[in-house]
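I have placed the structure first, in the form of structure tokens, so that the comments after it can refer back to it.
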Amino acid sequence: MYSIGIDIGSVATKAVLFNKRIVDKTITPTGWSPKQAGQQCLKKLLETNNLQKKEIKQVVVTGYGRISTDFADKIVTEITCHAKGAHFIDEQIRTIIDIGGEDSKAINIDKEGNVTDFIMNDKCAAGTGKFLEVTINSLGIDIADIDKLAQDIEPEEISSMCAVFAESEVTSLLAQGASKKSIILGIIDSIASKTMILLGKIDTRDKILFTGGLAQSKRIKEVLSNKLDSKIYTSDHSQFAGALGAAIIGWNS
Amino acid sequence: MTKLPKSFDEFSNAKREGFLKVKELKEQGKDIIGTYCTYTPKELIMAAGAIPIGLCGTSEEPIQEAEKDLPRNLCPLIKSSYGFGVTDTCPYFYFSDLIVGETTCDGKKKMYELLKEKKAMHVMQLPQNNEDKESFNLWKKEMKKLKEKLEKQFDVEITDEKLKEAINLRNREREIMKQFYELGTLCPPPIEGSEILEVLYGAEFKFNKEEHIKEMGSLLEDIKEDYQQGERKIAEDKPRILITGCPIAGDSEKVVKAIENSGGVVVCFENCFGVKANEELVAENINPIDALTKKYLNIPCSVMSPNDGRLDLLSELIDRYQVDGVVDIALQGCHTYNIETATIKEFVNNEKNISYTNIETDYSQTDTGQLATRLGAFIEML
Chain A
1 MYSIGIDIGS
11 VATKAVLFNK
21 RIVDKTITPT
31 GWSPKQAGQQ
41 CLKKLLETNN
51 LQKKEIKQVV
61 VTGYGRISTD
71 FADKIVTEIT
81 CHAKGAHFID
91 EQIRTIIDIG
101 GEDSKAINID
111 KEGNVTDFIM
121 NDKCAAGTGK
131 FLEVTINSLG
141 IDIADIDKLA
151 QDIEPEEISS
161 MCAVFAESEV
171 TSLLAQGASK
181 KSIILGIIDS
191 IASKTMILLG
201 KIDTRDKILF
211 TGGLAQSKRI
221 KEVLSNKLDS
231 KIYTSDHSQF
241 AGALGAAIIG
251 WNS
Chain B
1001 MTKLPKSFDE
1011 FSNAKREGFL
1021 KVKELKEQGK
1031 DIIGTYCTYT
1041 PKELIMAAGA
1051 IPIGLCGTSE
1061 EPIQEAEKDL
1071 PRNLCPLIKS
1081 SYGFGVTDTC
1091 PYFYFSDLIV
1101 GETTCDGKKK
1111 MYELLKEKKA
1121 MHVMQLPQNN
1131 EDKESFNLWK
1141 KEMKKLKEKL
1151 EKQFDVEITD
1161 EKLKEAINLR
1171 NREREIMKQF
1181 YELGTLCPPP
1191 IEGSEILEVL
1201 YGAEFKFNKE
1211 EHIKEMGSLL
1221 EDIKEDYQQG
1231 ERKIAEDKPR
1241 ILITGCPIAG
1251 DSEKVVKAIE
1261 NSGGVVVCFE
1271 NCFGVKANEE
1281 LVAENINPID
1291 ALTKKYLNIP
1301 CSVMSPNDGR
1311 LDLLSELIDR
1321 YQVDGVVDIA
1331 LQGCHTYNIE
1341 TATIKEFVNN
1351 EKNISYTNIE
1361 TDYSQTDTGQ
1371 LATRLGAFIE
1381 ML
């Protein structure tokens, strides 16, 4: 028997096939139809692992697209799922920092992986993947490349919290002759600062796991670690923490 | 799922039906006084033979119009109240002979300065502290000023006799409202939080208090009878939520809906239409003006500094309603409630040892998804 967890985020849809361990995982852009993206992931996991739907004990769906599906046996919020996923990745995790496409959150969990407190960003793109995407687009650079940039330059200061204002701030920095690299570092700093404001509202506790799409960037992790003055961990499964948690909930039910 | 007692319909339509009733009352020559806040001593208005009516301010609709004069980042309740006034789309506002306001928060008192261009307005100076003797004296003086204003404008005499009568009537109404919302102490509660809210809010538009008390009595009886006969429409294991903070009604009811859709049950509303307004009665054995001064000054709203009364009240309610989690609602731009969230969180988490979350929202429906996630996760956490 297996379980499947699907995390339909605003940017990417992640899915995990599980039977007490992670058997397989897949990711696809969510695009305009969260329902289709979820279905696609489900189908892919079944096909590549030669499984029938009846061999799946439960499909648990989370993420913002969770309400739009018709194939879920259960829907659970991404906060609970992240907690379960992070606990599976490392039992010593007590705080999760999750920065996704359109929201960011900090979650405290206990030694059993239960949520004890959490905080989410307000309805604004500041400090999220969207902020990075919007601002970095105006530089003509791909998000995947930000870690390849030189580390030894001073970041420009991006003071606008609003993604739209920050975009025009980037444009004027470019006009003033600032280098693209220093601007990118400034953007990353801005995201980290906004995340710090969020973290200030809950008691962060070691160990800290960084999840969500932005956890792929070593640079963001480093800046956050420095600002927090505490080591932050990531995992190969960081981006899949929500889907993993959903799969675990399905497995345990 | 069982159906609600039929008498419940009376309340869910109260606001709309009130529109027609107020027109009738006006045609009968009754004086109408518009109010905006729980601090308004309605007993004085009733003793003047006039009818106090809560004015519209819970809908998104007129906000765009209001923002022509008011800053965008102001609390939606103030913008909505003002918007309804300037567009003259609230029948209660239209029929009001006078509006009574109070200097509660900065937003409201400055908004009143603009609104008085549209309608005769009397603003009471509310002290910002409810512990000092000086505050009591100031508020008492304001009570007297309102009394004089009403006597002069409507050419009546507000005798102690009439005032005591009004106090007694309002106390009886509060008592029955209390009995009603205390249904939430039952486990499981007989009705949903949204239904409790509907009746609490509906009470604002019941102008004949004697009739209202009777209706409430029979509604209570119906619900209790069903419950005693074993009817249960709410599962016993649902997490029990207390809502505190800004007033919740109309468009902000989305928060209650989100809690219910996530599998929680709201058992107590500490807010303005609920416990905050009704819990403390007006003393009937002392001078009526002193009694009113004391009761209204004691309302634990975040405009007071310090506002320890809110903590005392919450502490008692959390125990009495066996609350599992507290949801603190601050409307965007409501500085006093927004700032107090830090104190409330600390108190609920560390003194009462239960879970707490705060939601900042407005009257728009744009954050429905966010609310579902936040409140969903909160309920899952309990």
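First to last, the protein sequences are chains A and B. Take the first sequence: its letters are residues 1 to 253, numbered as in this note's numbering. Take the second sequence: its letters are residues 1001 to 1382, numbered as in this note's numbering. C-beta: ideal position from N, C-alpha, C; glycine also. Only a predicted model underlies this, so the values are computations on that prediction, with no experimental measurement involved.
Given that a residue counts as buried once 16 or more other Cβ atoms are within 10 Å of its Cβ, and exposed if not, what is residue i?
i: A:E154; result: exposed
i: B:Q1332; result: buried
i: B:G1054; result: buried
i: B:G1101; result: buried
i: A:F131; result: buried
i: A:T48; result: exposed
i: A:A144; result: exposed
i: B:D1132; result: exposed
i: B:R1170; result: buried
i: B:K1144; result: exposed
i: B:L1020; result: exposed
i: B:T1159; result: exposed
Let me see if you follow: with CB-CB separation under 7 Å, is residue i close to chain A or not?
i: B:G1376; result: yes
i: B:E1383; result: The requested residue 1383 of chain B is not part of the displayed model; chain B covers only 1001 to 1382.
i: B:E1380; result: yes
To the nearest angstrom, how far is the alpha carbon of residue i from that of residue j?
i: A:V11; j: A:I136; result: 16 Å
i: B:F1287; j: B:E1280; result: The identity of residue 1287 of chain B in the sequence shown is Asn, whereas the question assumes Phe. Taking the straight line from one Cα to the other gives about 17 Å.
i: B:L1382; j: A:K25; result: 30 Å
i: B:C1246; j: B:N1271; result: 6 Å
i: A:I141; j: B:T1357; result: 39 Å
i: B:K1042; j: B:K1214; result: 20 Å
i: B:S1305; j: B:A1047; result: 31 Å
i: B:Y1092; j: B:Y1112; result: 17 Å
i: B:V1398; j: A:T28; result: With chain B running from 1001 to 1382 in the structure shown, residue 1398 of chain B is simply not present.
i: B:L1138; j: A:C124; result: 43 Å
i: B:I1248; j: B:G1057; result: 11 Å
i: B:Y1082; j: A:S33; result: 41 Å
i: A:T234; j: A:G5; result: 20 Å
i: A:I56; j: A:Q39; result: 14 Å
i: A:V164; j: A:S190; result: 14 Å
i: A:G127; j: B:H1335; result: 23 Å
i: B:F1343; j: B:M1121; result: The identity of residue 1343 of chain B in the sequence shown is Thr, whereas the question assumes Phe. If I take the Cα positions, the gap works out to 35 Å.
i: A:C41; j: A:I119; result: 29 Å
i: B:E1024; j: B:L1242; result: 38 Å
Can you check whether the C-beta of residue i is within less than 7 Å of a C-beta belonging to chain B?
i: A:I249; result: no
i: A:T30; result: no
i: A:I202; result: no
i: A:I79; result: yes
i: A:M196; result: no
i: A:T13; result: no
i: A:M161; result: no
i: A:V59; result: no
i: A:V164; result: no
i: A:M1; result: no
i: A:V134; result: no
i: A:V23; result: no
i: A:V115; result: yes
Taking the DSSP output, what are the residues bridged to residue i?
i: B:H1212; result: In DSSP, B:H1212 forms no bridge with anything.
i: A:C41; result: None, per the DSSP bridge assignment.
i: A:K25; result: A:V16
i: B:G1121; result: As written in the sequence, residue 1121 of chain B is Met, which differs from the Gly given in the question. Answer by DSSP bridge pairing, in chain order: B:I1099.
i: A:A106; result: A:I97 and A:I119
i: B:C1105; result: Bridge partners of B:C1105: none, in fact.
i: B:G1264; result: According to DSSP, which records beta bridges pairwise, B:G1264 is partnered with nothing at all.
i: A:Y2; result: A:I56
i: B:N1421; result: No information on residue 1421 of chain B is available, as it lies outside the stretch 1001 to 1382 that chain B covers here.
Spell out whether any CB of chain E is found under 7 Å from the CB atom of residue i.
i: B:T1373; result: No chain E is part of this structure, whose protein chains are labelled A and B.
**Prompt:** Three or more C-beta pairs closer than 8 Å, one from the segment 1300 to 1317 of chain B and one from the segment 1072 to 1083 of chain B: is that the case here?
**Reply:** no
**Message:** Pairs of beta-carbons, one from the segment 1165 to 1177 of chain B and one from the segment 1199 to 1216 of chain B, closer than 8 Å: are there three or more?
**Reply:** yes
**Prompt:** Is the segment 1148 to 1163 of chain B touching the segment 1211 to 1225 of chain B in the sense that three or more CB pairs, one from each, lie closer than 8 Å?
**Reply:** no
**Request:** Please confirm if the segment 1152 to 1165 of chain B is in contact with the segment 1315 to 1327 of chain B, defined as three or more CB-CB distances below 8 Å between the two stretches.
**Result:** no
**Asked** Can we say the segment 161 to 180 of chain A touches the segment 61 to 76 of chain A, given the rule of at least three CB pairs closer than 8 Å?
**Response** By the criterion of at least three beta-carbon pairs nearer than 8 Å, the segment 161 to 180 of chain A is not in contact with the segment 61 to 76 of chain A.
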